[in-house]
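Our numbering numbers the first residue of the sequence shown as 24 and each following residue consecutively. The block underneath contains the structure these notes are about, expressed in structure tokens.
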Amino acid sequence: VVHNGETAILSVDYNEEGSASGSVTGDMIRDTICLGRGANRLCAEFGLLAAEKMTDAPFTQLPMDGLVGLSLQGLSISEPFNFLHNLGQNGFARTFGLFLPGATKPGPAELTLGGHNPDRLASNLSWVPVEQPEKGFWQVHIQSVWVGSEQLDFCRQGCRAIVDSSSSHLTVPTEVMPVMMQKLAVKAPKSWFSEKELCNEATGAPLTFVLSNGEKLTLEAKDYAGAEGKDCVAQLHPWEVEERKTTGT
């Protein structure tokens, strides 16, 4: 990434409320960012927030010096501050591919802009429409949710889910979380004490989401479980009613 001189346009207090809340004070600036090399190089002007002050949480825990949001326009201050919109305005397809290696196949994650890396596909691509795109989330319609062969009541009439690349947990309605934890029944072999390997050998009911196009996304125990001390538990996070109202999910 190559960038040129920046121009301050105004100051702002920024506060992101969500799973990782924090406060940033800085300047809104415009900067030219270039992606690629040679004939494939593309340069565009983007709106950025240059931080001057920020809270320790969550920013000191982050392993990077900056964040690039990949939301739809509904979550951006204005068009110049939406990364994907600016890519599209300057010749890139407004798509990206995100590869996360997972616990069983350690290695670096990978972000592909303007498309996807076919070498990272575990199966054929399946496309589903975004629900309520004006809200800015990558939100999809779910026909039903199953634990093993049992359909869960909370989504019998359909529900919506946000695909959030920054979340380390599956966020579920608070009122159904205890039932899901019980039905998933995650267990790890007692002979395994390595925290790194503990949940790779976990057993539990598969968790299946039936998407709007009829395709099924199934997570096995090793996909949704995580180590907590010497135990292995489903990585679920409660989502309160008031929080769900703000996103429509």
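We treat Cβ as the ideally placed atom computed from N, Cα and C, and that holds for glycine.
Below 6 Å CB to CB, which residues in the same chain sit around residue 68 once its five sequence neighbours on both sides are set aside?
-> So the qualifying residues of the chain are 53, 55.
Assess, as a yes-or-no matter, whether the stretch 145 to 163 is touched by the stretch 179 to 191 under the definition of 3 or more beta carbon pairs within less than 8 Å.
-> Because the criterion of three Cβ pairs below 8 Å is met, the stretch 179 to 191 and the stretch 145 to 163 touch.
What did DSSP end up calling residue 118 once you bin it into helix, strand or coil?
-> Shown here, residue 118 sits in coil according to DSSP, grouped into three states, outside any helix or strand.
Could you give the residue range of the alpha helix (DSSP H) that holds residue 79?
-> Annotation for residue 79: the continuous alpha helix (DSSP H) segment containing it runs 79 to 82.
Could you tell me which of 253, 190, 228 sits nearest to residue 172, measuring between CA atoms?
-> Comparing alpha-carbon positions, the option among 253, 190, 228 lying closest to residue 172 turns out to be 228.
Name the one or two DSSP bridge partners that residue 162 has.
-> Residue 162 is bridged to 185.
Alpha carbon to alpha carbon, how far is residue 251 from residue 122?
-> In a straight line, the C-alpha of residue 251 is about 25 Å away from that of residue 122.
Using DSSP bridges, identify the partner residues of residue 135.
-> According to DSSP, residue 135 bridges with 120.
Distance between residue 212 and residue 133 (C-alpha atoms, nearest Å) | For the pair residue 133 and residue 212, the Cα-to-Cα distance works out to about 32 Å.
How many Å lie between residue 65 and residue 111 at the Cα?
-> Between residue 65 and residue 111, the C-alpha separation is close to 11 Å.
Could you spell out where the beta strand (DSSP E) holding residue 103 opens and where it closes?
-> Per DSSP, residue 103 belongs to no beta strand (DSSP E) and is neither H nor E.
Taking the C-alpha atoms as reference points, what is the distance between residue 141 and residue 120?
-> Going from the Cα of residue 141 to the Cα of residue 120 covers about 9 Å.
Does the Cβ-Cβ distance between residue 230 and residue 170 come in under 7 Å?
-> Their beta carbons are under 7 Å apart, which means residue 230 touches residue 170 by this criterion.
Select from 191, 166, 238, 196 the residue whose C-alpha is nearest the C-alpha of residue 258.
-> Taking each of 191, 166, 238, 196 in turn and checking the Cα distance to residue 258, the smallest one comes out for 191.
Quick one: using the 10 Å Cβ neighbour count with 16 as the cut-off for buried, is residue 222 buried or exposed?
-> By the neighbour-count criterion, in which 16 or more other beta carbons inside 10 Å mark a residue as buried, residue 222 falls on the buried side.
Give every residue of the same chain whose Cβ lies closer than 6 Å to the Cβ of residue 95, excluding the five residues on either side of it in the sequence, and list them in chain order.
-> Scanning its chain for C-beta atoms nearer than 6 Å, with the 5 sequence neighbours on each side dropped, one finds around residue 95 the residues 156, 159, in chain order.
Residue 116 at chain C interface by Cβ criterion, 7 Å | In the structure shown, chain C does not exist; there is a single protein chain.
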